[in-house]
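So for the sequence shown, my numbering puts the first residue at 8; every next one is plus one.
Notes to accompany the following structure.
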Amino acid sequence: MAAIDKAGAAERMVISAIMMAERGEDPLAIHVVAASALSILRDLIDKAGQDYVDQVLRIGAFTVASARVNGEPVMLPTNPGMDALVERVACGIKVGEVTNASDLIIGLTAAERRQLLNYIIQPYNFLKHADRDPLATLDDSDIDPHGAIAHALTALGMVSPGKSLPDEIKPYLVRHHLSVPD
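This is the structure in structure tokens:
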């Protein structure tokens with residue numbers, strides 16, 4: 008019998024969440040499966056001495072700022088705070104102070120980091136902690152299966168850098184404009 012490691016288990020869960028989404032299954036179930044995979048992957052990232060949210064913010068800010076510096080369109084939701092951050096990073100790129108994402112320092116507290124992921128973690132924790140508050144309810148609008156899948160895929164890439172994505176994942180990425188077709 009083959010052994011399953013934590014990263015392999017999380018990958019299987021991400022694939023399952025994607026297959027469930029493609030079949031149009033229950034959004035809460037999809038969200039929870041993807042969020043469970045993300046939880047495992049975040050633990051692995053933390054164990055390696057990194058922070059998932061810091062990494063996502065560094066990579067995201069650097070990628071968007073690089074695109075702006077190169078005159079490429081950026082099709083992401085924005086707000087004044089994010090625009091100011093991206094502009095500072097873009098200025099750093101232009102003058103050579105910032106050459107890659109790891110040059111950026113993210114100064115968030117643990118509470119601020121948790122808050123950034125709350126929309127993904129909340130439905131997962133709602134079910135996980137049923138013993139603490141059995142009468143609690145969850146608003147249907149708090150369920151974001153595609154956001155949970157996107158975060159799980161991002162974390163999977165951080166845990167297994169350079170590893171090719173399984174074939175089951177690629178069509179989902181193309182359909183959701185997260186990748187270009189081969």
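In this text, a Cβ means the ideal position worked out from N, Cα and C, and glycines have one as well.
Reduced DSSP category for residue i - H, G, I as helix; E, B as strand; rest coil
i	result
residue 60	helix
residue 75	helix
residue 94	helix
residue 167	coil
residue 102	coil
residue 50	helix
residue 81	coil
residue 87	helix
residue 9	coil
residue 67	helix
residue 25	helix
residue 178	helix
residue 30	coil
residue 41	helix
residue 172	coil
Cβ neighbours of residue i in the same chain (closer than 6 Å, five flanking residues each side left out)
i	result
residue 179	25
residue 155	38, 41, 42 and 127
residue 120	60
residue 97	72, 75 and 76
Cβ-based neighbour list, residue i, same chain, cut-off 7 Å, excluding 5 preceding and 5 following
i	result
residue 161	63
residue 34	150 and 152
Presumed contact (8 Å Cβ cut-off) between residue i and residue j, rounded CB distance
i	j	result
residue 109	residue 65	7 Å
residue 48	residue 166	5 Å
residue 29	residue 163	Not a contact, Cβ separation roughly 17 Å.
residue 22	residue 176	6 Å
Proximal residues to residue i (C-beta, below 8 Å), its chain only, five neighbours per side dropped
i	result
residue 20	40, 41, 43, 44, 47 and 159
Quiz item: If you scan the stretch 108-163 from start to end, which runs of the alpha helix (DSSP H) of 4 or more residues do you find wholly inside it?
Solution: Counting only runs of 4+ residues, the alpha helix (DSSP H) found wholly inside the stretch 108-163 occupies 117-135, in chain order.
Self-check item: Segment contact, 8 Å Cβ cut-off, at least three pairs: the stretch 70-90 with the stretch 125-145
Solution: Too few Cβ pairs lie closer than 8 Å, so no.
Quiz item: So, do the stretch 143-154 and the stretch 43-57 have three or more beta carbon pairs nearer to each other than 8 Å?
Solution: They do not touch, by the three-pair rule.
Quiz item: So, do the stretch 109-128 and the stretch 60-67 have three or more beta carbon pairs nearer to each other than 8 Å?
Solution: Contact holds between the stretch 109-128 and the stretch 60-67, because three or more Cβ pairs, one in each stretch, are under 8 Å apart.
Quiz item: Can you find at least 3 beta carbon pairs, one from the stretch 101-109 and one from the stretch 64-79, that sit closer than 8 Å?
Solution: By the C-beta criterion, the stretch 101-109 is judged to be in contact with the stretch 64-79, since at least 3 inter-stretch pairs fall below 8 Å.
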